[in-house]
Amino acid sequence: MSRSARTMIVVGIYVLTLGALMLLVPNFLLRLFMQPETSEIWIRTTGLFLLFLGYYYIATARAEMTRFFQFSVYARACVILFFIGFVVFLSASPVLIAFGIVDLGTAIWTQIALKKDRSEGVT
Numbered sequence: 270m271s272r273s274a275r276t277m278i279v280v281g282i283y284v285l286t287l288g289a290l291m292l293l294v295p296n297f298l299l300r301l302f303m304q305p306e307t308s309e310i311w312i313r314t315t316g317l318f319l320l321f322l323g324y325y326y327i328a329t330a331r332a333e334m335t336r337f338f339q340f341s342v343y344a345r346a347c348v349i350l351f352f353i354g355f356v357v358f359l360s361a362s363p364v365l366i367a368f369g370i371v372d373l374g375t376a377i378w379t380q381i382a383l384k385k386d387r388s389e390g391v392t
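Note that our numbering has the sequence shown beginning at 270, numbered continuously upward.
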């Protein structure tokens, strides 16, 4: 398995974990963000989407789909910009920025791994 695929496995596990928390114990995350608890279905639906996304990350890693890895780098690197915007303009909890930092960090990690894989002829 390539370096870049291993980074995607880690990201997939992270996203699966978040998805499972949102699906099974959504109010735990809401309390973390200092938001009111809810019994509405939207948060569990979002958790389900995250579970599917985590599955895609892991499945593409196992299939060594490096083009998908590259596309995910661009998307994950942008997350922090949106989260900062949500905090500044929509009064979201600043804790949200920590999740953006994780996305940015893993995007950088994947990009570095992709470059190393290419330089070694792995992909």
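Ideal Cβ positions, reconstructed from N, Cα and C, are used throughout, including at glycine. This structure is a prediction, so every number in the text was calculated from the model and none was measured.
- Relative to the Cα of Arg345, the nearest Cα in the group Leu322, Ser308, Ala361 belongs to Leu322.
- Scanning its chain for C-beta atoms nearer than 7 Å, with the 5 sequence neighbours on each side dropped, one finds around Met291 the residues Leu298, Ile312, Arg313, Thr315, Gly316, Leu319, in chain order.
- Under the DSSP assignment, Ile366 falls in the alpha helix (DSSP H) whose first and last residues are 364-388.
- In this structure, the alpha-carbon of Ile349 lies about 11 Å from that of Pro363.
- If you draw a straight line from the Cα of Trp378 to the Cα of Gly354, it is about 24 Å long.
- For the set Tyr283, Gly390, Lys385, Arg387, the Cα lying nearest the Cα of Tyr325 is the one of Tyr283.
- With fewer than 16 other beta carbons inside 10 angstroms of its own, Leu359 counts as exposed.
- Contact between Met277 and Phe338 is confirmed by a C-beta separation of about 6 Å, below the 8 Å threshold.
- In the same chain as Thr375, and ignoring 5 residues on each side of it, the C-beta atoms closer than 8 Å to its own belong to Thr276, Val279, Val280, Tyr283, Arg345, in chain order.
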